[in-house]
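Numbering (the numbering used here), first residue to last: 84 to 370.
The C-beta atom is built at its ideal place from N, Cα and C for all residues, glycine as well.
Following: one structure in C-alpha cells, then a few remarks.
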Amino acid sequence: MHSRYDLHSHSLCSDGTLTPTELVERAGAAGIHMLALTDHDATDGLAEARAAAARTGIGLVAGVEISVTWGGPTVHIVGLNIDPDNLALQQGLAGLREFRNWRAEEIDRRLAKHRITGALAGARRYAKGAIVSRTHFARFLVERGYVRGMSQAFRQFLSRGQAGYVPGRWATLEHAVAWIRAAGGQAVIAHPARYRLSSGKLKRLFDEFRSVGGEAIEVISGSHDPQTNAHLARLAGEFDFLGSLGSDYHGPEPVSGQDRPWAELGRLPPLPDECTPVWRSWPAQAA
Ligand code: AMP
Ligand code: MN
Ligand code: MN
Ligand code: MN
84 MHSRYDLHSH SLCSDGTLTP TELVERAGAA GIHMLALTDH DATDGLAEAR
134 AAAARTGIGL VAGVEISVTW GGPTVHIVGL NIDPDNLALQ QGLAGLREFR
184 NWRAEEIDRR LAKHRITGAL AGARRYAKGA IVSRTHFARF LVERGYVRGM
234 SQAFRQFLSR GQAGYVPGRW ATLEHAVAWI RAAGGQAVIA HPARYRLSSG
284 KLKRLFDEFR SVGGEAIEVI SGSHDPQTNA HLARLAGEFD FLGSLGSDYH
334 GPEPVSGQDR PWAELGRLPP LPDECTPVWR SWPAQAA
C-alpha cells in the first residue's frame, strides 16, 4: 500500500525537469490524489499546476520550499497551503532569488578560476528562465564531461568546501516560518535526515523550529530509508509535530548512466499510524 499523498515535488519552475502540467498528470497516473508542488524559493508554477489538477481530478496543494541558513548549514522549510499572492511571502522569496542570482554569478567566477568557463550560461540553458540552482550547474558539469554524474558534480565541485561552493545567505528559520504563516500556510521541515546533523543538533533545530511556529516535519521522504522514517516518526511524537510525507520528486530521467533516477511518484509508504498527519485539519477531499 502506497500513500495517496505526496506533499513535496518540483517542476521546471525550479530544478525539476517536468512542466507543472506534466508533473500533475504523472502524479495522477501514479495514483496520487493530493499533490503539493513545492518549488525552491518560487511559486510561479502553482497556477498552471492548479489548472492541470482540476483537469486531472486530483487535489493540488499550493506549496513552496524555502532555503534557510541555520547557523552554517542550509536547511529547507516547506510551506503547505500557502496563499501565493501574500505580499510578505513574495517579498521574502524575491530576496532569496536575488541572493540566488548573485550566487550563480559567484559560482561561475569560482569555477572559472578552475578553468571551467561558460558555467553560468550552461546552467541557465537548463534553468530555462526559472531560478538557477546548483542542480543546473551540475547538469552543465556532466554535459561537459567534467564529471560522470550528478552526485560526482556535487561531491567534487558544488558541496561545502569544494571549488564552486558559495556559502548560503538564505532566510533565517524565523523569517521563513513567518512568511509561510503570514501566507496562511503550515511550515514543515523538509527531509530532516538529509542535513546530516548530529542528533543533538537535530533536536535543537526541532526546538527552535517549534518555538518560531513550525508545525510539522517530513517523517517520510523519498530520500530517507525505512529506519530513518521510523526514527523520525518517533521524534515527531516526542516534539509534538504533525507528520508530512513527500517524494521530493524532480523528474523521471537520470542525467547520466551514473545517476539513479529520482524515486518514482506514488511509491511512498503511508504515514505511520502513530503520526498525526499534517492534513488532519484540511477540508475533507478525495484522498
Ligand atoms: P540549491 O538550492 O541551488 O543550492 O540546490 C540544491 C538542490 O541540489 C537540491 O534541492 C537538490 O535538488 C540538489 N542536490 C543537492 N545535493 C545533491 C546531490 N548530491 N545529487 C543530486 N542533486 C543534489
Ligand atoms: Mn532541488
Ligand atoms: Mn530540499
Ligand atoms: Mn525539494
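Selection from the options that minimises the alpha carbon distance to residue i
i	options	result
V304	A319, G320, P275	The sequence given here places Ser at residue 304; Val does not occur at that position. For S304, the nearest C-alpha among the options comes from P275.
L328	V338, E321, N312, P335	N312
I190	Q173, R217, L280, N169	R217
P337	S92, M233, E181	M233
A254	S330, F322, F182	F182
P167	R192, L120, G142, T104	L120
W153	E105, R252, T104	R252
G99	L351, R138, S330	S330
P335	H85, M84, V107, Y88	V107
R287	L256, G267, L143	L256
H93	M84, S86, H85, E105	E105
V144	W185, R222, H219, Q269	Q269
Endpoints, the beta strand (DSSP E) within which residue i is located
i	result
V361	Premise fails: V361 is in no beta strand (DSSP E) and is neither H nor E.
L120	117 to 120
First through last residue of the alpha helix (DSSP H) which encompasses residue i
i	result
A65	Lying before the first or after the last residue shown, residue 65 is absent from the chain, which here runs from 84 to 370.
H123	No alpha helix (DSSP H) holds H123; DSSP gives it neither H nor E.
H219	217 to 226
Q173	170 to 196
P309	309 to 322
P279	The sequence given here places Arg at residue 279; Pro does not occur at that position. Where R279 is concerned, there is no enclosing alpha helix (DSSP H), given that its DSSP letter is neither H nor E.
M209	At residue 209 the sequence reads Tyr, which differs from the Met that was named. Element bounds for Y209: 202 to 210.
A110	103 to 112
For residue i, the residue or residues it bridges with in DSSP
i	result
Q269	L163
S92	Y332
L143	L118
E301	S327
T157	T152
A254	V151
Expected contact under 8 Å - CB spacing of residue i and residue j to nearest Å
i	j	result
E301	A273	6 Å
S339	R231	6 Å
E148	P103	Not a contact, Cβ separation roughly 15 Å.
S97	D122	4 Å
V271	L118	Actually they are not in contact, since the Cβ atoms of V271 and L118 sit about 15 Å apart, beyond 8 Å.
A206	A236	About 11 Å; that fails the 8 Å criterion.
V161	H91	6 Å
A265	A125	Contact doesn't hold; Cβ gap of about 17 Å is too wide.
K211	L129	At roughly 17 Å, the Cβ-Cβ gap does not stay under 8 Å, so K211 and L129 are not in contact.
Y332	V158	With a Cβ gap of about 20 Å, Y332 and V158 do not count as contacting.
Answer yes if the segment 167 to 183 comes into contact with the segment 192 to 203, meaning at least three C-beta pairs across the two stretches below 8 Å, and no otherwise. Taking a cut-off of 8 Å on C-beta distances, the segment 192 to 203 does not touch the segment 167 to 183, as fewer than three cross pairs fall below it.
Is there contact here, the segment 277 to 287 with the segment 233 to 245, by at least three beta-carbon pairs under 8 Å? At 8 Å Cβ cutoff, the stretches do not touch.
With a cut-off of 8 Å, do at least 3 Cβ pairs link the segment 314 to 327 to the segment 340 to 349? Contact between the segment 314 to 327 and the segment 340 to 349 is absent: fewer than three C-beta pairs spanning the two stretches fall below 8 Å.
Using a strict less-than 7 Å threshold between each residue's beta carbon and the heavy atoms of ligand 6, what residues do you get? Absence of ligand 6 from the depicted structure is noted, with ligand 1, ligand 2, ligand 3 and ligand 4 being the only ligands included.
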